[in-house]
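Engineer: Pasting in a structure now, in structure tokens, and then I'll have a few things to ask.
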Amino acid sequence: MSKINKLALFPLMLCFFAMGFVDLVGIASNYVKEDLNLNDSTANIFPSLVFFWFLIFSVPTGMLMNRIGRKKTVLLSLAVTILSLFIPLFGNSFGVMLVAFSLLGIGNALMQTSLNPLVSTVLGGANLASTLTFGQFVKAIASFLAPYLAMWGATGLIPHLGLDWRILFGIYFVVGILAAVLLGITPIEEERIEGKPSTFAECFKLLGKPIVLLSFLAIMCHVGIDVGTNTTAPKILIERLGMSLNDAAFATSLYFIFRTIGCLTGSFFLRVMNHKVFFIISVVMMALSMIGMAVGTSKLVLYIAIALVGYGNSNVFSLAFSEALLSVPEKQNEVSGLMIMGLFGGTVFPLFMGFASDAIGQIGAVIVMAIGVCYLFSYIPQVKH
Numbered sequence: 601m602s603k604i605n606k607l608a609l610f611p612l613m614l615c616f617f618a619m620g621f622v623d624l625v626g627i628a629s630n631y632v633k634e635d636l637n638l639n640d641s642t643a644n645i646f647p648s649l650v651f652f653w654f655l656i657f658s659v660p661t662g663m664l665m666n667r668i669g670r671k672k673t674v675l676l677s678l679a680v681t682i683l684s685l686f687i688p689l690f691g692n693s694f695g696v697m698l699v700a701f702s703l704l705g706i707g708n709a710l711m712q713t714s715l716n717p718l719v720s721t722v723l724g725g726a727n728l729a730s731t732l733t734f735g736q737f738v739k740a741i742a743s744f745l746a747p748y749l750a751m752w753g754a755t756g757l758i759p760h761l762g763l764d765w766r767i768l769f770g771i772y773f774v775v776g777i778l779a780a781v782l783l784g785i786t787p788i789e790e791e792r793i794e795g796k797p798s799t800f801a802e803c804f805k806l807l808g809k810p811i812v813l814l815s816f817l818a819i820m821c822h823v824g825i826d827v828g829t830n831t832t833a834p835k836i837l838i839e840r841l842g843m844s845l846n847d848a849a850f851a852t853s854l855y856f857i858f859r860t861i862g863c864l865t866g867s868f869f870l871r872v873m874n875h876k877v878f879f880i881i882s883v884v885m886m887a888l889s890m891i892g893m894a895v896g897t898s899k900l901v902l903y904i905a906i907a908l909v910g911y912g913n914s915n916v917f918s919l920a921f922s923e924a925l926l927s928v929p930e931k932q933n934e935v936s937g938l939m940i941m942g943l944f945g946g947t948v949f950p951l952f953m954g955f956a957s958d959a960i961g962q963i964g965a966v967i968v969m970a971i972g973v974c975y976l977f978s979y980i981p982q983v984k985h
């Protein structure tokens, strides 16, 4: 790796931290609900906006990268993100927060689509999956910190600023500016795109390539299981063990703890272990988790099941994304847009899980997630790089 490439890794990792800002929408929507006396269905508009913008902006961002380059696209995503964090500092009315969360979702769609290929530019094919996994670990740190920063502000420790829980936006606003400045001054050489930029039709035509389509579906399953576990794990504890919601909420924290551990250790294992072997181990862990969540009736079994899916699902995105990217090297920007559009699985899976759980209880939701795990078993032959 060249000296410039090594220097580029720090600002890129700081950009991954900025990518995690989008996860503040969970805690922030709860505070907005309380501040504005909203009902649940209205408050849930804010988090749902995030997945909507992935559907709309992912492929156009891949096309934009062909025109202005990957680094400039990441800088644009940071600019949109910084603006989204700046707006709530002046108020928290429904309209203001709607605009802020929309911009946060748009900025994150731009960033998720452009940052991963930019890492590929810096590293080439070397250690791409492990570096993307480490980036997901850095992203998780921002996700973890958001609730604690909001609670710190809400306790009134800094009343003279008048920001209460919104100090979260102020802190991430400053970090976002730092990430943009450091990336802006870091030299990164990008290969010129030969020929005419791809059209929408040409982008979607790439789904005709088996590896692209299968990787797209793998990412849909990964995100669906991710969002599905966060939603369903507490409900399983309530249904099977009679826990209160406050006690059962620990299940979500447990999932994130093991997902974060999985990202950190996975970045090492993917450097020293065959990728296919590691993917098989990950999917087997997820399968065991589905069995545990389907039939478990004790706290220990259910907690182990939640931990297993947290660790097992932590590296699926990086592996599927890097397989697709490295398999079509001449169309990485377009492929990245299609892969990030797969994050829309976070909307599709919970929808079907809701119908299934209403019909036969939480085991129905587990069955829907298990279908996603079964698909990931079929994806094993595609893991070659």
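FYI, in my numbering the residues of the sequence shown are 601 to 985.
Even glycine gets a Cβ: it sits at the ideal position worked out from N, Cα and C.
All figures in this text were calculated on a predicted structure; none of them were measured in a lab.
1. Based on Cα-Cα distance, which residue from Ser702, Leu723, Asn727, Ser658 lies nearest to Gly866?
2. Report the option in Thr852, Lys672, Ala709 whose CA atom is closest to the CA atom of Phe744.
3. Thinking C-beta only, is Pro950 closer than 8 Å to Thr831?
4. Secondary structure at Met663, three-state DSSP: helix, strand or coil?
5. How should Gly784 be labelled, buried or exposed, when 16 other C-beta atoms within 10 angstroms of its C-beta is the threshold for buried?
6. Quick one: Cα of Ala729 to Cα of Asn913, how far?
7. Applying the 10 Å Cβ sphere with the 16-neighbour rule, what's the burial state of Asp958?
8. Between Ser815, Ile904, Ala924, which lies nearest to Ile891 when the distance is taken from Cα to Cα?
9. Cutting at 7 Å between CB atoms, please list the residues of its own chain near Phe701, excluding the five before and the five after it.
10. Counting only runs that start and end within the stretch 833 to 887, where is the alpha helix (DSSP H) found for 4 or more residues in a row?
11. Please classify Thr786: does DSSP put it in a helix, a strand, or coil?
12. When the Cα atoms are used, what is the spatial distance from Ile819 to Leu925?
13. Verify whether the separation of the beta carbon atoms of Leu806 and Val928 is less than 8 Å.
14. Near Leu655, which residues of its chain fall below 6 Å by C-beta distance, leaving aside the five closest residues on each side in sequence?
15. Among the candidates Val781, Val775, Gly691, His822, whose CA atom is the shortest distance from the CA of Trp585?
16. Work out the CA separation of Ser898 and Gln712 for me, nearest whole Å.
17. So, does the stretch 835 to 843 touch the stretch 959 to 971, judging by three or more C-beta pairs under 8 Å?
18. For Gly954, which of helix, strand or coil comes out of DSSP?
19. Tell me whether Thr897 sits in a helix, a strand or coil according to DSSP, three-state version.
20. Thinking Thr786 and Ala608 are a contact (beta carbons under 8 Å), I'd like their distance in whole angstroms, please.
21. Would you decide whether Gly707 is buried or exposed? Buried here means 16 or more other CB atoms lie within 10 Å of its CB.
22. Hey, Val680 and Leu698 are a contact pair by Cβ (cut 8 Å); roughly how many whole angstroms apart?
23. Taking just the CA atoms, how far does Asn874 sit from Ile604?
24. Grab me the residues of Val659's own chain with a C-beta within less than 8 Å of its C-beta, minus the 5 sequence neighbours each way, in chain order.
25. Taking the Cβ atom as the reference point for each residue, do Ile1003 and Glu923 lie within a distance shorter than 8 Å?
26. Can you tell which of Leu710, Val883, Leu723, Phe610 has its C-alpha closest to the C-alpha of Val622?
27. Quick check on Leu683: does DSSP put it in helix, strand or coil?
28. Output the distance between the C-alpha atoms of Leu919 and Gly946, rounded to the nearest integer angstrom.
29. Would DSSP call Lys809 helix, strand or coil?
30. Using alpha carbons as the reference points, say which of Val948, Phe616, Arg871, Gly896 lies closest to Ala742.
31. Between the alpha carbons of Arg667 and Ile788, how many angstroms are there, rounded?
Structural biologist: Taking the definition as stated:
1. Nearest C-alpha to Gly866: Asn727.
2. Thr852
3. yes
4. helix
5. exposed
6. So the two alpha carbons sit approximately 14 Å from each other.
7. exposed
8. Ile904
9. Val625, Phe646, Leu649
10. 845 to 848, 850 to 872
11. coil
12. Answer to the nearest angstrom: the Cα atoms are 13 Å apart.
13. yes
14. Phe944
15. Missing from the structure shown is residue 585; the chain here goes from 601 to 985 and no further.
16. 38 Å
17. yes
18. helix
19. coil
20. Their Cβ separation, rounded to whole angstroms, is 5 Å, which keeps Thr786 and Ala608 in contact under 8 Å.
21. buried
22. That pair is no contact at about 15 Å.
23. Because Ile604 carries a pLDDT of 46, less than 50, the predicted location of this residue cannot be relied on, and no value is offered for it.
24. Phe800, Cys803, Phe804, Glu934, Gly937, Leu938, Met941
25. Nothing about residue 1003 can be reported from this structure: the residues present for the chain run from 601 to 985 only.
26. Each of Leu710, Val883, Leu723, Phe610 was checked against the Cα of Val622, and the nearest Cα belongs to Leu710.
27. DSSP places Leu683 within a helical segment (H, G or I) once states are collapsed to three.
28. 18 Å
29. coil
30. Phe616
31. C-alpha separation (whole angstroms): 16 Å.
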